[in-house]
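Heads up, the sequence shown is in the UniProt record's numbering, so the first residue is 29 and it goes up one at a time. Accompanying notes for the structure given below.
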Amino acid sequence: AHLARIEAVDEKVHAFLHVDREGALAQARRVDEKRASGEKLGPLAGVPLALKDIFTTKGIPTTVGSKILEGWIPPYDATVTRRLKEADIVILGKTNMDEFAMGSSTENSAYGPTGNPWDLTRIPGGSGGGSSAAIASYEAPLAIGTDTGGSIRQPAAVTGTVGVKPTYGGVSRYGMVAFSSSLDQGGPCARTVLDAALLHEAIAGHDPLDSTSIDAPVPSVVEAARNGDVKGMRVGVVKEFAGEGYQAGVMQRFDESVELLRELGAEVVEISCPSFDKALAAYYLIAPSECSSNLARFDAMRYGLRVGDDGTKSAEDVTALTREAGFGDEVKRRVILGTYALSSGYYDAYYGSAQKVRTLIKRDFERAFESVDVLISPTTPTTAFPIGERSDDPMAMYLADLCTIPTNMAGNAAMSLPCGLAPEDGLPVGLQIIAPAMADDRLYRVGAAVE
Ligand code: GLN
Numbered sequence: 029a030h031l032a033r034i035e036a037v038d039e040k041v042h043a044f045l046h047v048d049r050e051g052a053l054a055q056a057r058r059v060d061e062k063r064a065s066g067e068k069l070g071p072l073a074g075v076p077l078a079l080k081d082i083f084t085t086k087g088i089p090t091t092v093g094s095k096i097l098e099g100w101i102p103p104y105d106a107t108v109t110r111r112l113k114e115a116d117i118v119i120l121g122k123t124n125m126d127e128f129a130m131g132s133s134t135e136n137s138a139y140g141p142t143g144n145p146w147d148l149t150r151i152p153g154g155s156g157g158g159s160s161a162a163i164a165s166y167e168a169p170l171a172i173g174t175d176t177g178g179s180i181r182q183p184a185a186v187t188g189t190v191g192v193k194p195t196y197g198g199v200s201r202y203g204m205v206a207f208s209s210s211l212d213q214g215g216p217c218a219r220t221v222l223d224a225a226l227l228h229e230a231i232a233g234h235d236p237l238d239s240t241s242i243d244a245p246v247p248s249v250v251e252a253a254r255n256g257d258v259k260g261m262r263v264g265v266v267k268e269f270a271g272e273g274y275q276a277g278v279m280q281r282f283d284e285s286v287e288l289l290r291e292l293g294a295e296v297v298e299i300s301c302p303s304f305d306k307a308l309a310a311y312y313l314i315a316p317s318e319c320s321s322n323l324a325r326f327d328a329m330r331y332g333l334r335v336g337d338d339g340t341k342s343a344e345d346v347t348a349l350t351r352e353a354g355f356g357d358e359v360k361r362r363v364i365l366g367t368y369a370l371s372s373g374y375y376d377a378y379y380g381s382a383q384k385v386r387t388l389i390k391r392d393f394e395r396a397f398e399s400v401d402v403l404i405s406p407t408t409p410t411t412a413f414p415i416g417e418r419s420d421d422p423m424a425m426y427l428a429d430l431c432t433i434p435t436n437m438a439g440n441a442a443m444s445l446p447c448g449l450a451p452e453d454g455l456p457v458g459l460q461i462i463a464p465a466m467a468d469d470r471l472y473r474v475g476a477a478v479e
């Protein structure tokens, strides 16, 4: 049914870069056989899923939305891919994304944009717009995204779906193409909080192949999603995430969620996190710095594209020609910015200062979580904007992640879930819930209460 749905609508939505029809049907048959033979199956056995094209899939193309990896067939599965298969989940295909996960609209994909199923002329968010659009268009009930500065939560918000960035280190990064390694985190996308929790438990947990993976039990997110009791919970409204630049309808739906939490017995207070104002600026030094280092591996020798290798040019020239042809504008902008920020004489002024801001953000969270159990805010200041509106204005694009970036900087956990439609444009609004590191279960408890 989902393959038929993809066939019917994906020409318009363009959520998928690659549909693995044969692989999906083979996995579905395997699950049927297991069931028939009485073998034990996981809670999501046979459920179809759309996988962001940033995770390696053995024998299946993985492009990361970039021309530089066009035609590359990975020889191995990412840990997330492997766990999905082991959970008997059916992977339908790979979803569209901003090139190397750099963007907030999926317009930076080298393979063309994805439409928002609510209005195909609008963006589905980014970088994981394909994953969220696949869910919103009923092409898949579940998807996997990655969130470096908001790429799971912001697409979830603007497509009316649920997305979770787990605690940093909660889900393995092995086989997940690196953008900014200290911020990148994979996580679940779904239509309901409980669906997201079931998927969260299927992919989370320690992995010796990822040196930053947390060696501790996964928080009981499924139990929390089934519980949904917020009586007596202390909820902090982030004071800084309101005011100028926030759409009226977004704030209206957010205020209603605050009211609902009060009615359900939560104790709601306002919390100030003064360093959050500087998070965006610091992020746009740290993320480009780390990406300039990570993307050095795309040198025309190891993977994918190779341009100008006619036997007359030096290896350096072939590398340069390949990177020139293979990387898009946003990727080049960040590699240049990051190389500059890390260069000798500038390191302390830029990267060093950004790291200090990161510490201040962490302290703001620590102080906040002394008095509240979770923080809440709108996920993104506006609803889905029209395709093309911000594509020539990187600064305007960057603002979409104003509310989501602090969590990546500190490494704790956050969820976005739908909280209604903005009255002025009828488009979905996202509520963001933020929890301390390793308290991911609180997101699901609060999410299930207000869903
Ligand atoms: N939009 C942000 C960026 O462009 C975040 C992307 C992400 O989370 N991968 O970097």
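Idealized CB from N, CA, C, for every residue including glycine. Since the model is a prediction, treat every value here as computed from it, not as a measurement.
Residue i to residue j span [Cα, whole Å]
{"i": "serine 300", "j": "tyrosine 426", "result": "22 Å"}
{"i": "isoleucine 88", "j": "isoleucine 101", "result": "6 Å"}
{"i": "lysine 341", "j": "leucine 349", "result": "10 Å"}
{"i": "leucine 370", "j": "lysine 360", "result": "15 Å"}
{"i": "asparagine 136", "j": "alanine 184", "result": "18 Å"}
{"i": "leucine 313", "j": "leucine 388", "result": "16 Å"}
{"i": "alanine 315", "j": "lysine 62", "result": "44 Å"}
{"i": "glutamate 268", "j": "tyrosine 274", "result": "11 Å"}
{"i": "arginine 351", "j": "proline 302", "result": "40 Å"}
{"i": "methionine 130", "j": "alanine 138", "result": "12 Å"}
{"i": "isoleucine 415", "j": "alanine 115", "result": "36 Å"}
{"i": "glutamate 127", "j": "threonine 142", "result": "13 Å"}
{"i": "cysteine 217", "j": "alanine 324", "result": "30 Å"}
{"i": "residue 5", "j": "glutamine 383", "result": "Residue 5 lies beyond the residue range present for the chain, which begins at 29 and ends at 479; the question has no answer from this structure."}
{"i": "residue 19", "j": "leucine 148", "result": "Residue 19 cannot be examined here, being either before or after the span of the chain that is shown, 29 to 479."}
{"i": "lysine 40", "j": "glycine 154", "result": "18 Å"}
{"i": "tyrosine 374", "j": "isoleucine 96", "result": "29 Å"}
{"i": "glutamate 398", "j": "leucine 211", "result": "24 Å"}
{"i": "leucine 170", "j": "proline 103", "result": "25 Å"}
{"i": "serine 285", "j": "valine 278", "result": "11 Å"}
{"i": "alanine 252", "j": "isoleucine 242", "result": "20 Å"}
{"i": "leucine 459", "j": "asparagine 144", "result": "18 Å"}
{"i": "glycine 156", "j": "serine 165", "result": "14 Å"}
{"i": "aspartate 337", "j": "valine 346", "result": "6 Å"}
Distance CB(residue i)-CB(residue j) smaller than 8 Å
{"i": "threonine 174", "j": "glycine 233", "result": "no"}
{"i": "threonine 408", "j": "aspartate 453", "result": "no"}
{"i": "proline 464", "j": "asparagine 440", "result": "yes"}
{"i": "lysine 259", "j": "glycine 293", "result": "yes"}
{"i": "aspartate 421", "j": "phenylalanine 304", "result": "no"}
{"i": "phenylalanine 192", "j": "alanine 224", "result": "Here residue 192 is valine; the residue named in the question, phenylalanine, does not match the sequence. Their beta carbons are under 8 Å apart, which means valine 192 touches alanine 224 by this criterion."}
{"i": "proline 152", "j": "valine 190", "result": "no"}
{"i": "threonine 107", "j": "aspartate 238", "result": "yes"}
{"i": "glutamine 280", "j": "proline 451", "result": "yes"}
{"i": "methionine 443", "j": "leucine 471", "result": "yes"}
{"i": "valine 474", "j": "valine 385", "result": "no"}
{"i": "lysine 113", "j": "threonine 90", "result": "no"}
{"i": "alanine 56", "j": "glycine 74", "result": "yes"}
{"i": "glycine 366", "j": "serine 320", "result": "yes"}
{"i": "arginine 254", "j": "leucine 222", "result": "yes"}
Boundaries of the alpha helix (DSSP H) in which residue i is found, first to last residue
{"i": "valine 278", "result": "276 to 291"}
{"i": "leucine 237", "result": "No alpha helix (DSSP H) holds leucine 237; DSSP gives it neither H nor E."}
{"i": "histidine 42", "result": "Unbroken run through histidine 42: none, as it is neither H nor E."}
{"i": "isoleucine 364", "result": "357 to 370"}
{"i": "proline 422", "result": "422 to 426"}
{"i": "valine 400", "result": "Premise fails: valine 400 is in no alpha helix (DSSP H) and is neither H nor E."}
{"i": "cysteine 431", "result": "Unbroken run through cysteine 431: none, as it is neither H nor E."}
{"i": "isoleucine 88", "result": "Segment: none, isoleucine 88 is in no alpha helix (DSSP H) and carries neither H nor E."}
Residues that residue i bridges to, as DSSP identifies them
{"i": "threonine 174", "result": "Gly214"}
{"i": "phenylalanine 83", "result": "Met204"}
{"i": "glutamine 460", "result": "Ser405, Ser444"}
{"i": "arginine 150", "result": "Pro414"}
{"i": "lysine 193", "result": "Ala442"}
{"i": "asparagine 144", "result": "Asp147"}
{"i": "arginine 262", "result": "Glu295"}
{"i": "isoleucine 96", "result": "In DSSP, isoleucine 96 forms no bridge with anything."}
{"i": "alanine 78", "result": "Gly121, Ala171"}
{"i": "isoleucine 101", "result": "Answer by DSSP bridge pairing: none, since isoleucine 101 is not bridged."}
Residue interval of the beta strand (DSSP E) (run including residue i)
{"i": "isoleucine 119", "result": "118 to 123"}
{"i": "glycine 131", "result": "From DSSP, glycine 131 is part of no beta strand (DSSP E); its letter is neither H nor E."}
Among the options, the one whose alpha carbon lies nearest that of residue i
{"i": "leucine 77", "options": "Ala465, Gln280, Leu459, Ala161", "result": "Ala161"}
{"i": "isoleucine 461", "options": "Pro451, Ala476, Ala450", "result": "Ala476"}
{"i": "cysteine 431", "options": "Pro451, Glu398, Gly356, Tyr311", "result": "Tyr311"}
{"i": "leucine 79", "options": "Gly332, Leu227, Ile96", "result": "Leu227"}
{"i": "arginine 262", "options": "Cys447, Ala396, His30", "result": "Ala396"}
{"i": "alanine 307", "options": "Thr367, Ser381, Val296", "result": "Ser381"}
{"i": "threonine 134", "options": "Leu170, Ile180, Asp105, Leu97", "result": "Ile180"}
{"i": "valine 205", "options": "Gly332, Met466, Asp81, Arg33", "result": "Asp81"}
{"i": "valine 47", "options": "Ser165, Asn124, Gly66, Thr220", "result": "Asn124"}
{"i": "serine 200", "options": "Ala52, Asp105, Leu459", "result": "Asp105"}
{"i": "valine 250", "options": "Thr85, Leu72, Gly197", "result": "Leu72"}
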